[in-house]
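**Q** In full-length UniProt numbering, the protein residues as written are 1 to 92. So that we are looking at the same thing, I have put the structure below in structure tokens.
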């Protein structure tokens with residue numbers, strides 16, 4: 001089984017569109033972090049500081065994998081235990 005596995009056909013039909021929207025938001029988040037990194041890299045050579053570039057590198061390397069872990073948890077919740085996931089969200 002591959003490490004990165006997303007099959008929306010396994011999600012019940014009533015939750016499939018929400019799961020796809022969350023997946024697309026995760027992709028958008030990752031792309032935004034990559035664009036931020038590229039922009040800060042260009043800004044660093046254009047006269048900006050190194051601090052912004054360093055922070056964008058940290059954010060890209062740290063938040064992209066961490067957000068995937070959270071996305072994978074949401075995928076599993078929609079796949080198996082949507083009611084328990086919803087109850088957890090409401091109680092916390």
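Beta carbons: idealized from backbone N, C-alpha and C, even for Gly. This one's a predicted model, so the numbers in the text were calculated from it and none came from an experiment.
To which residues of the same chain is residue 37 closer than 7 Å at the C-beta, ignoring the five residues directly before and after it?
**A** Position 37 of the chain shown, counted from the start, is the residue given in the question as residue 37. For residue 37, where only same-chain residues beyond five positions count, the Cβ hits under 7 Å are 56, 57 and 60.
**Q** Tell me whether residue 71 is buried or exposed, calling it buried when 16 or more other Cβ atoms sit within 10 Å of its Cβ.
**A** Looking up residue 71 in the chain shown gives position 71. Buried, by the Cβ-count rule.
**Q** Closest to residue 68 by C-alpha separation, out of 19, 16 and 27, would be which residue?
**A** The residue given as residue 68 occupies position 68 in the chain shown. Out of 19, 16 and 27, 27 has the C-alpha closest to the C-alpha of residue 68.
**Q** With a threshold of 6 Å on Cβ separation, who are the neighbours of residue 78 within its own chain once the five nearest residues in sequence on each side are excluded?
**A** Against the chain shown, residue 78 aligns to sequence position 78. Correct list, in chain order: 11, 15 and 19.
**Q** Assign residue 33 to one of two classes, buried (16 or more other C-beta atoms within 10 Å of its C-beta) or exposed (fewer than that).
**A** The residue given as residue 33 occupies position 33 in the chain shown. It counts as buried.
**Q** Please report the residue range of the alpha helix (DSSP H) in which residue 45 lies.
**A** The count along the chain shown starts at 1 and reaches residue 45 at position 45. For residue 45, the enclosing alpha helix (DSSP H) has its first and last residue at 13–45.
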